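So the protein lines, in turn, are chains A and B.
With the first sequence counted from 1, adding 6 to any position gets you the working numbering.
With the second sequence counted from 1, adding 15 to any position gets you the working numbering.
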Amino acid sequence: MGSVNNLLFVNDSHEVILESIYTVRVKEAMNSNPMHVAPEDTMRTAKNIMKENGLSGLPVVDGARLAGILSLYDIMACYDNGSMDDKVSKYMSRDVILLEEDMPISFAINYFNKFKFRRFPVINKNKELTGMITARDLTAAMLNNINKQLQKYDKLNMRLSDPDPADIRSDTVIYRQFIVHKYDFENAGKVTSEIKKILKERGIKQSIIRRVSIAAYELEINLVVHSDGGVLIFQLLPDAIMIKTQDKGPGIPDLEKALTDGFSTASEWIRSQGFGAGMGLPNVKRVSNDFQISSDITGTEVKIKINLGNEEDESK
Amino acid sequence: MKVSDLEALGYTRETKKEMEDYEIKAGYTGDLLSDVMANAPSDSVLITIQAHKNTIAVATLAGIRAILVCNKRAIPSDMIEAAEDNDVALFKTAETQFEASAKVAKMMG
Ligand SMILES: Nc1ncnc2c1ncn2[C@@H]1O[C@H](COP(=O)(O)OP(=O)(O)OP(=O)(O)O)[C@@H](O)[C@H]1O
Ligand SMILES: [Mg+2]
Chain A
7 MGSVNNLLFV NDSHEVILES IYTVRVKEAM NSNPMHVAPE DTMRTAKNIM KENGLSGLPV
67 VDGARLAGIL SLYDIMACYD NGSMDDKVSK YMSRDVILLE EDMPISFAIN YFNKFKFRRF
127 PVINKNKELT GMITARDLTA AMLNNINKQL QKYDKLNMRL SDPDPADIRS DTVIYRQFIV
187 HKYDFENAGK VTSEIKKILK ERGIKQSIIR RVSIAAYELE INLVVHSDGG VLIFQLLPDA
247 IMIKTQDKGP GIPDLEKALT DGFSTASEWI RSQGFGAGMG LPNVKRVSND FQISSDITGT
307 EVKIKINLGN EEDESK
Chain B
16 MKVSDLEALG YTRETKKEME DYEIKAGYTG DLLSDVMANA PSDSVLITIQ AHKNTIAVAT
76 LAGIRAILVC NKRAIPSDMI EAAEDNDVAL FKTAETQFEA SAKVAKMMG
């Protein structure tokens with residue numbers, strides 16, 4: 007996922023369900039160490055196990071290998087024209103449709119749609135039986151995962167909450183929110199490019215675009231390099247441009263130091279990439295007509311304004 | 016001078032894509048991206064040793080038309096790709112930044 011997403015709100019249930027279908031493995035949803043019988047066991051034994059445990063199907067295991075599966079129909083066939091003392095191997099079906107434990111549950115869902123069976127045996131790489139899975143197990147695992155994801159998103163949303171109504175002026179011309187991920191150097195600068203494009207299309211003066219680009223870029227890069235991820239909010243007003251970044255932490259312990267020319271906590275590796283001169287925030291402040299920063303361990307917020315049009319505002 | 020004049024100075028063009036031969040009006044020498052972002056003039060050539068993709072992002076935002084990577088620094092292929100995607104001409108040389116800056120400045124007059 008690139009970082010230039012409009013922040014369409016994340017409890018978009020579709021996404022969450024899709025993600026769980028592809029990320030949860032059969033292994034996590036299945037019932038491990040299932041009841042089973044051996045091929046030499048009698049049909050009576052099998053019938054009793056199924057009855058006592060309310061099972062409609064029972065895997066048949068030879069050593070550790072899955073040899074077949076026994077269904078209620080096989081038990082009925084045995085009642086009709088055989089003896090309960092017969093061996094399981096005589097009645098079991100050997101063409102077993104099975105799932106592998108490392109498959110995502112999207113496969114299992116597909117199987118339940120395609121075949122009429124109500125449960126599937128699950129095997130590992132060595133073809134040993136490791137579990138059984140029913141439609142009910144699937145639903146439970148998915149709900150569990152969706153719940154976890156929502157909790158994660160809730161946490162994010164709390165911090166990156168819906169726009170603060172106080173932030174949106176009634177005369178806002180354009181309002182955009184972008185998510186910026188921690189250490190996403192691959193996409194670093196894309197949010198700023200997007201903003202630059204919007205301003206160009208609107209015919210905003212070159213000198214203003216340059217100042218906005220500097221501010222947006224430095225704030226965007228700070229989210230990538232120093233924060234645990236956050237959002238960058240861009241607003242075009244009739245008389246000004248506002249940019250605000252909000253992140254999830256870890257915060258800036260000493261704001262005065264952070265605003266000092268040359269102060270940086272960037273690591274050696276980050277410096278080797280050309281970042282970490284300690285000039286970002288001072289530059290943002292310099293190109294802005296209004297600059298506000300606040301920070302605590304739950305995150306940092308920077309809010310800046312650049313006025314449009316007025317020539318004397320362009321003097322640095 | 017034009018972007019193509021960098022070739023006349025003996026620098027090797029790394030971007031192979033056909034690009035407009037822009038007029039270069041100024042030059043800037045630096046390796047700190049926030050410094051380049053803040054101070055490089057537009058329609059300029061950047062003389063640097065910063066051979067990676069993030070330099071292209073800064074060049075694009077700052078209106079830099081060409082980048083000259085000095086000291087024989089190896090240029091990764093994703094940097095060349097990004098340069099082609101953003102119409103920034105990319106050159107390399109074994110010269111130091113001092114030597115290259117002097118030559119380019121002289122040509123600009
Ligand atoms: N969003 C943030 N979260 C946490 N710390 C931050 C954040 N933004 C800035 N800082 C801290 O403030 C310091 C100064 O930031 P500034 O942008 O001025 O310089 P830099 O990012 O270190 O270097 P440069 O911007 O020149 O590449 C950073 O080194 C970092 O310690
Ligand atoms: Mg910075």
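From the three backbone atoms N, C-alpha and C, an ideal C-beta is built for every residue, glycine too.
Keep in mind it's a predicted model, so treat the numbers as computed, not measured.
Asked: Which one or two residues does DSSP pair with residue 300 of chain A in a beta bridge?; Found: A:307
Asked: Three-state secondary structure (DSSP) at residue 317 of chain A?; Found: Any reading at residue 317 of chain A must be qualified, since the residue scores a pLDDT of 49, below 50, and its modelled position is unreliable; no value is offered.
Asked: Using beta-carbon positions only, say whether residue 178 of chain A and residue 243 of chain A come within less than 8 Å of one another.; Found: yes
Asked: Please tell me whether residue 295 of chain A has its Cβ less than 8 Å away from any Cβ of chain B.; Found: no
Asked: What are the start and end residues of each continuous alpha helix (DSSP H) run of 4 or more residues lying completely inside the stretch 37-78 of chain A, in chain order?; Found: 49-59
Asked: Name the residue from A:129, A:195, A:239 whose alpha carbon lies nearest to the alpha carbon of residue 75 of chain B.; Found: A:195
Asked: Where are the alpha helix (DSSP H) runs, 4 residues long or more, that stay fully inside the stretch 110-163 of chain A, in chain order?; Found: 111-120
Asked: Ignore the nearest five residues each way along the sequence and tell me which others in residue 121 of chain A's own chain have a CB closer than 8 Å to its CB.; Found: 103
Asked: Taking 7 Å as the cut-off, does the CB of residue 49 of chain B come closer than this to any heavy atom belonging to ligand 2?; Found: yes
Asked: According to DSSP, is residue 237 of chain A helix, strand or coil?; Found: strand
Asked: To which residues of the same chain is residue 284 of chain A closer than 6 Å at the C-beta, ignoring the five residues directly before and after it?; Found: 268, 269, 270
Asked: Roughly how many angstroms separate the alpha carbons of residue 142 of chain A and residue 79 of chain A, rounded to a whole number?; Found: 21 Å
Asked: Taking only beta-carbon atoms, is residue 15 of chain A less than 8 Å away from chain B?; Found: In this prediction, residue 15 of chain A scores a pLDDT of 39, lower than 50, which makes its location untrustworthy; the coordinate-derived value is nonetheless stated afterwards. No, its Cβ sits nowhere closer than 8 Å to a Cβ of chain B.
Asked: Figure out for me which residue from A:119, A:74, A:185 has the closest Cα to the Cα of residue 135 of chain A.; Found: A:74
Asked: Give me the DSSP bridge partner(s) of residue 84 of chain B.; Found: B:63, B:107
Asked: Near ligand 2, which residues have their beta-carbon closer than 5 Å to a heavy atom?; Found: A:228, A:286
Asked: In three-state terms, what does DSSP make of residue 20 of chain B?; Found: helix
Asked: By Cβ distance, which residues of its chain are closer than 7 Å to residue 253 of chain A, with the 5 residues on each side in sequence left out?; Found: 229, 233, 234, 235, 236, 305, 306
Asked: Compare the C-alpha of residue 53 of chain A against each of A:280, A:30, A:84 and name the closest.; Found: A:84
Asked: By the three-class DSSP mapping on this structure, what secondary structure does residue 179 of chain A have?; Found: coil
Asked: Closer than 7 Å: is that where the CB of residue 282 of chain A sits relative to any heavy atom of ligand 3?; Found: Annotation note on ligand 3: not contained in the displayed structure, which lists ligand 1 and ligand 2 as its ligands.
Asked: With 8 Å set as the bound, which would you pick, yes or no: does the beta-carbon of residue 53 of chain B sit closer than that to a beta-carbon of chain A?; Found: yes
Asked: In the DSSP assignment, find the alpha helix (DSSP H) that holds residue 286 of chain A and state where it starts and stops.; Found: 286-293
Asked: How many angstroms separate the CA atom of residue 124 of chain B from the CA atom of residue 26 of chain B?; Found: 19 Å
Asked: For residue 10 of chain A, I'd like the list of residues in its chain whose CB is within less than 7 Å of its CB, leaving aside the five on either flank, ordered along the chain.; Found: With a pLDDT of 36 at residue 10 of chain A, under the threshold of 50, the predicted position of this residue should be treated as unreliable, though the coordinate-derived value follows. Here the set comprises 184, 193, 196, 197, 200.
Asked: DSSP has residue 93 of chain A in a bridge; who is on the other side?; Found: A:48
Asked: Please list the segments of the alpha helix (DSSP H) lying wholly inside the stretch 194-278 of chain A, counting only runs of 4 or more residues, in order along the chain.; Found: 196-207, 212-232, 261-264, 274-278
Asked: Can you check whether the CB of residue 86 of chain A is closer than 8 Å to the CB of residue 48 of chain A?; Found: no
Asked: Along the stretch 198-232 of chain A, where does the CB come closer than 7 Å to a CB of chain B? Name the residues.; Found: 198, 199, 202, 219, 220, 223, 224
Asked: Here's the rule I'm using: 16 or more other beta-carbon atoms within 10 Å means buried, otherwise exposed. How should residue 149 of chain A be labelled?; Found: exposed
Asked: Contact criterion: CB-CB distance below 8 Å. Does residue 41 of chain B meet it with respect to chain A?; Found: no
Asked: Could you name the residues of chain A that residue 165 of chain B contacts, counting a contact when the two beta carbons are closer than 7 Å?; Found: With chain B represented from 16 up to 124, any question about residue 165 of chain B goes unanswered, as that position is not in the structure.
Asked: Check each candidate in A:157, A:206, A:117, A:308 and name the one with the smallest Cα separation from residue 290 of chain A.; Found: A:308
Asked: Within the continuous alpha helix (DSSP H) that includes residue 53 of chain B, where are the two ends?; Found: 48-54
Asked: Going by DSSP, what residues sit across from residue 99 of chain A in a beta bridge?; Found: A:75
Asked: Using beta carbons (cut-off 8 Å, strictly below), is residue 157 of chain A in contact with chain B?; Found: no
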